[in-house]
Structure formats: C-alpha cells, structure tokens
Amino acid sequence: MDENSYRAQIGLAEVALSEGKLAHVIHHYNDAVRIAPDKAAARLARREADYYSRLNTDEDYLAAELRRMNWLEGTGRIQRVTARLSFAALLIALIGSSVDQVVASLAWALASSSVIAWSGSLIFRKFLTTRGRVASDA
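For the record, in the sequence shown the residue sitting at position 70 is 146 according to the numbering used here, with numbers rising by one throughout.
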C-alpha cells in the first residue's frame, strides 16, 4: 500500500468503518485530507473525518444519528412492502374486473393507497438521507 495514495486512505477508512473501528476511520480520513489531490477531495475527506469524529465524541449526536438510521431503515421496509402490495393489488384489480366489480374496486383502492404510501415513504426517505450537521457547520 502506498501511504501517499488518497484512494488507498479512503479505502482503508471504509474497511475500518465496516470493522467498526471508528478511531481508524477518523485517522484514515485525516490522512486523506493531508494528501488529497485537489480541494474538493480534501473537503470530502475533511467532512467525513469531522462527521465520524463527532460521532465518536458526542453521545447525543450519536443517538440522533442512530435514530435517523433506524427511521431510514424503516422507510426502506415500508417502500418494499407498499411496492409489493400495490403490484399485487393492481394484478387483482385487472383480473378481478372480469370476475367481480366489487373486488376490482377494492383492489384499485388498495393499489392507489399503496402508491400514495410508497410516495410518502420515498419523500420521507429523501429527508432522512441527509446527515446531521457537524459542530463547525452549525
């Protein structure tokens, strides 16, 4: 490994993160800042180093980020369930229209409701993907 390789330092930070070694993550991102090839890369590495550093030192921030990640995971589950439900209801509505209009009407209502719930979870997920600000940005 070349210690003066920006991409290697970023990769090592990601490996350390997957292993749960937060101090190593911060160290590798700080090294990446030092050897970044341009200002944009340095800014990205600095932002990541600051984020993980704050997670490591601020328990309230860590708790808030864990809540955000749990909500994000929950909205992903809601999206998957509502997508499957809307497709199943759509299939029932299309087949049910030739069998019974009441069944078709209920299936169309369920499909519409599922699409609305899916859209709402998509919008909510968009808001949840944004990380909380670090102390220097606040």
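Yeah, the Cβ is synthetic: ideal placement off N, Cα and C, and Gly gets one too. In this text the structure is predicted, and so the values were computed from the model without any measurement.
*Residue closest to V101, alpha-carbon to alpha-carbon, out of L166, A92, D107 and V109*: Indexing the sequence shown from 1 puts residue 101 at position 25. Comparing Cα positions, the closest option is A92.
*Where does E124 land, buried or exposed, given buried means 16+ other C-beta within 10 angstroms?*
As a working note, residue 124 is residue 48 in the sequence shown. Under this definition E124 is a buried residue.
*From what residue to what residue does the alpha helix (DSSP H) around A165 run?*
Against the sequence shown, residue 165 aligns to sequence position 89. E135 to V175 is the span of the alpha helix (DSSP H), which, as asked, contains A165.
*CB-CB under 8 angstroms to A117, same chain, minus the five flanking residues each way: which ones, in chain order?*
In the sequence shown, counting from the first residue as 1, residue 117 sits at position 41. So the qualifying residues of the chain are Y82 and A108.
*Evaluate S174 with the Cβ neighbour count: other Cβ atoms within 10 Å of its Cβ, from every protein chain shown; 16 or more gives buried, anything less gives exposed.*
Here residue 174 is taken as the residue at index 98 of the sequence shown, counted from 1. It counts as exposed.
*Close beta carbons around H103, own chain, < 6 angstroms, minus the five adjacent residues each side*: Residue 103 sits at position 27 when you count from the first residue of the sequence shown. Here the set comprises nothing.
*How would you call D126, buried or exposed, if buried means at least 16 neighbouring beta carbons within 10 angstroms?*
As a first step, residue 126 is located in the sequence shown; it is residue number 50 there, counting from the start. That one is buried.
*Identity of the residue in A165, A185, V191 and I154 nearest R201 by Cα*: Taking the sequence shown and counting its residues from 1, one reaches residue 201 at position 125. The shortest Cα separation from R201 among A165, A185, V191 and I154 belongs to I154.
*Would you report the Cα separation of A214 and S190, rounded to the nearest angstrom?*
Taking the sequence shown and counting its residues from 1, the one referred to as residue 214 is at position 138. Taking the sequence shown and counting its residues from 1, the one referred to as residue 190 is at position 114. Interpretation of A214 is limited by its pLDDT of 40, a score under 50 that renders its predicted location unreliable; the figure taken from the coordinates is listed afterwards. The alpha-carbon atoms of A214 and S190 are separated by roughly 38 angstroms.
_C-alpha gap between I168 and G150, whole angstroms_ = To locate residue 168, count along the sequence shown from 1; it is residue 92. To locate residue 150, count along the sequence shown from 1; it is residue 74. The straight-line gap from Cα to Cα measures roughly 27 angstroms.
*Measure the beta-carbon distance from S162 to A187 and round it to whole angstroms, keeping in mind my assumption that it falls under 8 angstroms.*
Walking along the sequence shown from the start, residue 162 turns up at place 86. Walking along the sequence shown from the start, residue 187 turns up at place 111. Correct: roughly 5 angstroms between the Cβ atoms.
_Per-residue DSSP class, three states only, for D126_ = The residue labelled residue 126 in the question sits at position 50 within the sequence shown. Three-state result, D126: helix.
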